[in-house]
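Below you'll find the structure, written out as structure tokens, and then a few comments.
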């Protein structure tokens, strides 16, 4: 990738693919017990291209009380014995009110940046409304959405699945990614390894998705 001084915060489609593969591999290496980000090859053309597609993290359960919840992937890697002794982080899988979340990271050919698509749904498959999702977000995430000029939620058609998903609009992503990475100690060169962990460490906060610190710090 380019040096920070001449870089506008965007990625080419090829860079996104390379960064996504690296991200999913490093995620697995850091903690193999965590739910996996998986690359889903998919093309909007007739032929499936291996380097076109999106990252997938699905069936993530909320933990704790709804009004004080996080999608905490650090807790997902604990053993079954640990979970059984910590009722505050348990979700009753037999509870018909239990909610699951799917997250997809898709490349925007228009903005040339990654975009987070997500949906929440009940155990019976019924999708949650945006208001219901916001009710489950931790207070700091709601504050970010209300105050940030960079990020706002909208509902759009998933570019590969052709179904309505919620998304965080990417109009300001390039700008804040340039600011974020140029303010770090990475030096002149912006690395593909650094991009997605840095991006998700920011964008994940707006939906209560917590990223293991080791993933970002070891970039």
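Residue numbers (my numbering): 11 to 229.
A virtual CB, placed ideally from N, CA and C, is assigned to each residue, including glycine.
Which listed residue (the options) has its alpha carbon closest to that of residue i
i: residue 46; options: 35, 176, 191; result: 35
i: residue 48; options: 178, 153, 23, 116; result: 116
i: residue 114; options: 192, 213, 138, 150; result: 213
i: residue 141; options: 61, 223, 217, 52; result: 217
i: residue 173; options: 133, 179, 165; result: 165
i: residue 133; options: 111, 152, 24; result: 111
i: residue 215; options: 169, 175, 162, 171; result: 162
i: residue 109; options: 27, 135, 118; result: 135
i: residue 224; options: 37, 145, 31; result: 37
i: residue 169; options: 123, 127, 61, 29; result: 127
i: residue 31; options: 181, 16, 61; result: 61
i: residue 179; options: 157, 125, 222, 150; result: 125
Beta-carbon proximity list for residue i, same chain, < 8 Å, skipping 5 on both sides
i: residue 95; result: With a pLDDT of 32 at residue 95, under the threshold of 50, the modelled position of this residue cannot be trusted, and the question is left open.
i: residue 137; result: 129, 130, 131
For residue i, the residue or residues it bridges with in DSSP
i: residue 66; result: 48, 114
i: residue 109; result: 132
i: residue 2; result: In this structure the chain extends from 11 to 229, so residue 2 is not present and cannot be described.
i: residue 164; result: 177
i: residue 137; result: 131
Own chain partners of residue i with C-beta closer than 6 Å, once the 5 adjacent residues on each side are dropped
i: residue 147; result: 218
i: residue 155; result: 216
Local Cβ density within 10 Å of residue i, reported as buried at 16 or more and exposed below that
i: residue 19; result: buried
i: residue 71; result: buried
i: residue 153; result: exposed
i: residue 26; result: buried
i: residue 65; result: buried
i: residue 24; result: exposed
i: residue 119; result: exposed
Cβ shell of residue i (< 7 Å), same chain only, five flanking positions each side left out
i: residue 63; result: 49, 50, 51, 52
Min CB distance residue i to chain B below 9 Å
i: residue 20; result: Given the protein chain composition of this structure (a single chain), no chain B is represented.
Query raised in the report: Is there contact between the stretch 208-215 and the stretch 184-193, where contact requires at least three CB pairs shorter than 8 Å?
Result: yes
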